[in-house]
Amino acid sequence: MPGALSGFRIIECGEMVSAAYASKLMADMGAEVIKIESPHGGDAARQRGPFPGGEPHAEKSGLYLFLNTNKRGITLDLEQTQGQEVFQRLVKDADLLIHNVHPKHMPAAGLDYDRLATINPGLVMTSIAPFGLRGPHAEYEASDLTLWNAGGLCFLNGGGPGTDHLPPLKAFGQQAGFTAGVHAAVASLGALFARLRGGLGQHVEFSVQECLMGISEFGTMMASYAGVAVTRLGHKPIQPLDLLECKDGWIFICCVEEHHWHSFVDLMDNPEWAAEPIFEDRLKRGESWDALKLLIQDWVKDFTVQDLYLKAQARRIPFAPVSTMGYLLNSEHLNARGFFVQLDHPEAGNLTYPGAPHICSETPWELRRPAPCLGQHNAEVYTELGMTAQDLAVLQQAGAV
Amino acid sequence: MSRPPLDGIRIVDFCWAWAGPYGALQLAHLGADVIRIESAKRLCPSRLIPPWPDNESGVNRAGYFNQYNQGKRSLTLDLKAPEAIDIAKTLVSKSDIVMNNFASGVMEKLGVGYDVLRRIKPDIIMVSLPGYGTSGPEKDFVSYGPPQVAQSGLSALTGYVGGPPMMAGFSYGDPNGGVHATFAVMAALLHREKTGQGQYIDLSQWEAAIMLLPEALMDYSMNGTQPERMGNRDPHMAPHGVFRSKGDDRWVSLSVRDEAEWQRLCEVMGQPELSSDARFASLATRKENEAALEEIVTAWTQERTADDATQALQNAGIPAYPALDAIDMVNNPHVGARDYFVELEHPEVGTRRHMGIPWTMSRTPCEIQRPAPCLGQDTDAVLTDIAGLSQDEIAALREKDILT
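Sequence lines, in order, name chains P and D. The first sequence maps to residues 3 to 403 in this note's numbering. The second sequence maps to residues 27 to 430 in this note's numbering.
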């Protein structure tokens, strides 16, 4: 059965996460994605790992392997004249070109929408840029860490009240990249939908900073509605919503609504302190959390994570384990849904990957092929473009491939 | 052609709290007509929490709701009444997409499960995004965005060196689950446009959050190891952190990605000799001596404002940005100059600054056309224009307390 995006032809010029994740989501839904990498070492994600045994190897990076499933990979130097000629032939037949080349380097890489639109008026081009393509900070350099800060998310996290000696804390991994990637994928499909209904192609400009500001939760609204800056040092407005330590690990205790709290108090066997007026409602519990946390922690410490999790869920209280990777991979629930998949790669071997977060009734998601080795599909793709072995040899000699 | 991409696409939106509404917000951003079904008898939690302007509460005054429901319409319906279910079905028959993020099974109990709705509208696209998905042994478990951060594995990976697990964002699982659902909906919509076929999408917020940490998951898959928490550090870059700057709890973030940037940082800090110091001459030695390295960087950053430090570092081509708090964000000159903020007149809160759309489209502009709706604001219009009810029928339903 074909995937939901079967028949869409996508060119990706992605480094690291954002553009690569966007096009992975599409590739896993059936789109035909060709990933263009620099002949000089390829996507930087190849160097990041994790690697089997911790040994760096360009074909064995766990991040790269995950981000590039179902894609074909070619090498092409976009900054060379011959490379540009080939690029334009690729773009001619593409539905979507998605990239996260920094705005400063776009002209040299030929990522000029107006020019590409003359070659292919139906082209949708999505440019994911750290700060967008215009405005005073458009040319700023960025990393995932600086973007997480520019979007205001880092400032929300840390040790809580009394920990002002510790800096705002970033989330693990490449969160700015992943969040930007999935949003940019949504916008790109929006533009493809407009085109399918009779429109032409267009240029989609995407700002990672704005995307992150848009998910910064209480933060921006506290500022604009109440003039307050929410920080890692403050109390959460409602409680319990916190991480506590059980005897064999950590658990997230969560009482969003009053009935959750009442059920939790009942689960704790209705201790006398729970009736204190300072714990009367979720806002008061937020204000009194320092005291309440100690009382609850003392009760929690004698449980195993799994025992408390199941006891709470049996009463429909939304507690959750603080999962380790081993817990996830062994989860009966996730495995029953078929979330993890095995995939064999010629260099990295057979590994377990996270699969798809959705089950679509009519257009099944599938892993058709592992991430490409560097330049693996050069001959195949360039032949499809009508090039001969001799043409390819010329390009190789010029260092364009 | 200047209509937005999803002009004419209608969504019956049963979502509430945050994950679902955030997903539906993306569809509103793309120009869809999103009709939120709400009830005063079971108010959306986001209408009930602060912040409120002047600290005066009110269901139409909550910043949380007003941010994440821009551009949508609100229809109040008491879904416990059979007449309300009939109305919901009529709306579905004239719509393209149905979204909900109730716990698994709730839509079926209400009588608006996919099997019912597909008979009414064969090409309907329906997405459910409960915390755990709609199958598997834990499908009936309940969840919210904050516990998803822990459950996904992010908390165990996030934290200061040697410290306990921490949160990432506040309710990060919510927007993430919502936007992944929207991605699947958009793919299904393209498929429907090509083939005429609708479908049902079962999205698990838990699984959507696990998508965010492949580096850790693949590490375990390859090596059986759980990565250690490393604060703001990075295994492949140093220095890499958030450093104290001048002012009260002010910080600046910076990343040095390669040796050339390290040399430039030394020059910017006025200590070019550091780049040949054996302790810092390579990434490997900088990682070994990272605490000392961070002290040296802090000594420089704390003498400057975060803005000045950022400017100096960016002038040298080094990634840096102030650690923005929310006040900084709503006053950020860069996004302000880009017209990112949305300030539409709202009947109860006046003109407040909201976060807008993070993309622009050159041919089919996306624009927020209206502020978040007041509770039930569009009930009469939706019932008249879409459900085709007469004024008398609407009055009768109102009499029976079904439209609240």
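We treat Cβ as the ideally placed atom computed from N, Cα and C, and that holds for glycine. Fair warning: this is a prediction, and the values are worked out from it, not measured in the lab.
Rounded to a whole number of angstroms, what is the C-alpha to C-alpha distance between Asp112 of chain D and Gly203 of chain D? 29 Å
Measure the CB-CB distance between Cys41 of chain D and Asn127 of chain D and report whether it falls below 9 Å. yes
What separation, rounded to the nearest whole angstrom, lies between the Cα atoms of Ala33 of chain P and Gln340 of chain D? 38 Å
Since Leu336 of chain P and Ser247 of chain D are thought to touch, with beta carbons under 8 Å apart, how far apart are those beta carbons, to the nearest angstrom? Contact doesn't hold; Cβ gap of about 13 Å is too wide.
Short of 6 Å in beta carbon distance, which residues of its chain neighbour Asp146 of chain P, apart from the five on each side in sequence? Order them along the chain. Gln176, Ala178 and Gly179
Element boundaries [alpha helix (DSSP H), containing Thr311 of chain D]: Leu309 to Glu314
Take the Cβ of Leu296 of chain P as the centre, count every other Cβ of all protein chains shown within 10 Å, and call the residue buried at 16 or more, exposed below. exposed
Chain A contact for Phe196 of chain D (CB, 9 Å cutoff): The structure shown contains no chain A; its protein chains are P and D.
Rounding to the nearest angstrom, what Cα-Cα distance links Thr385 of chain P and Arg91 of chain P in this structure? 12 Å
Terminal residues of the continuous alpha helix (DSSP H) containing His347 of chain P? His347 of chain P -> not in any alpha helix (DSSP H); beta strand (DSSP E) instead, spanning Phe342 to His347.
Using a cut-off of 8 Å between C-beta atoms, extract the partners of Asn81 of chain D located in chain P. Ala228
Rounded straight-line distance, which links the Cα of Glu259 of chain P to that of His380 of chain D: 26 Å
According to DSSP, simplified to helix, strand and coil, what is Gln225 of chain D? strand
Contained beta strand (DSSP E) runs [length at least 3] in the stretch 360-389 of chain P, N- to C-terminal order: 360-362
Through-space distance from Leu245 of chain P to Glu143 of chain P, alpha-carbon basis: 35 Å
Would the stretch 86-106 of chain P and the stretch 5-17 of chain P be scored as touching if the rule is three or more Cβ pairs under 8 Å? yes
Extent of the continuous beta strand (DSSP E) run through Glu14 of chain P: Arg11 to Cys15
Please report whether the beta-carbon of Leu191 of chain P lies at a distance below 9 Å from any beta-carbon of chain D. yes
Does the beta carbon of Cys41 of chain D sit closer than 9 Å to a beta carbon anywhere in chain P? no
Suppose you measure from the CA of Ile130 of chain P to the CA of Pro384 of chain D; what does that come to, to the nearest Å? 10 Å
Given that a residue counts as buried once 16 or more other Cβ atoms are within 10 Å of its Cβ, and exposed if not, what is Ser308 of chain D? exposed
Using a threshold of 9 Å, state whether the C-beta atoms of Gly49 of chain D and Arg29 of chain D are closer than that. no
For the stretch 186-199 of chain P and the stretch 281-288 of chain D, state whether three or more C-beta atom pairs, one from each stretch, are separated by less than 8 Å. no
If the cut is a Cβ gap below 7 Å, which residues of chain D does Pro123 of chain P touch? Under the 7 Å cutoff, chain D gives no residues; its nearest Cβ is about 11 Å from Pro123 of chain P.
Whole angstroms are fine: how far does the CA of Val38 of chain D sit from the CA of Ser83 of chain D? 28 Å
Where the alpha helix (DSSP H) containing Tyr140 of chain D begins and where it ends: Tyr140 to Ile146
C-alpha gap between Gln252 of chain D and Ala310 of chain D, whole angstroms: 22 Å
Quick check on DSSP: helix, strand or coil for Phe220 of chain P? helix
Between Ala325 of chain D and chain P, is any beta-carbon pair separated by less than 9 Å? no
Measure the beta-carbon distance from Tyr90 of chain D to Ser65 of chain D and round it to whole angstroms, keeping in mind my assumption that it falls under 8 Å. Not confirmed; about 18 Å, so no contact.
Presumed contact (8 Å Cβ cut-off) between Gln241 of chain P and Gly192 of chain P, rounded CB distance: Rounded, the Cβ-Cβ distance is 39 Å, inconsistent with contact.
Would the beta-carbon of Ile361 of chain P fall within 9 Å of that of Gly159 of chain D? yes
Measuring straight from C-alpha to C-alpha, what distance separates Ala277 of chain P and Glu57 of chain P? 57 Å
Any chain P beta carbon closer than 9 Å to Asp427 of chain D: no
Is the CB of Met133 of chain D under 9 Å away from at least one CB in chain P? no
Near Gly420 of chain P, what residues of its chain come up, given a Cβ to Cβ distance below 8 Å and the 5 sequence neighbours on each side ignored? Residue 420 of chain P is absent from the model: chain P starts at 3 and stops at 403.
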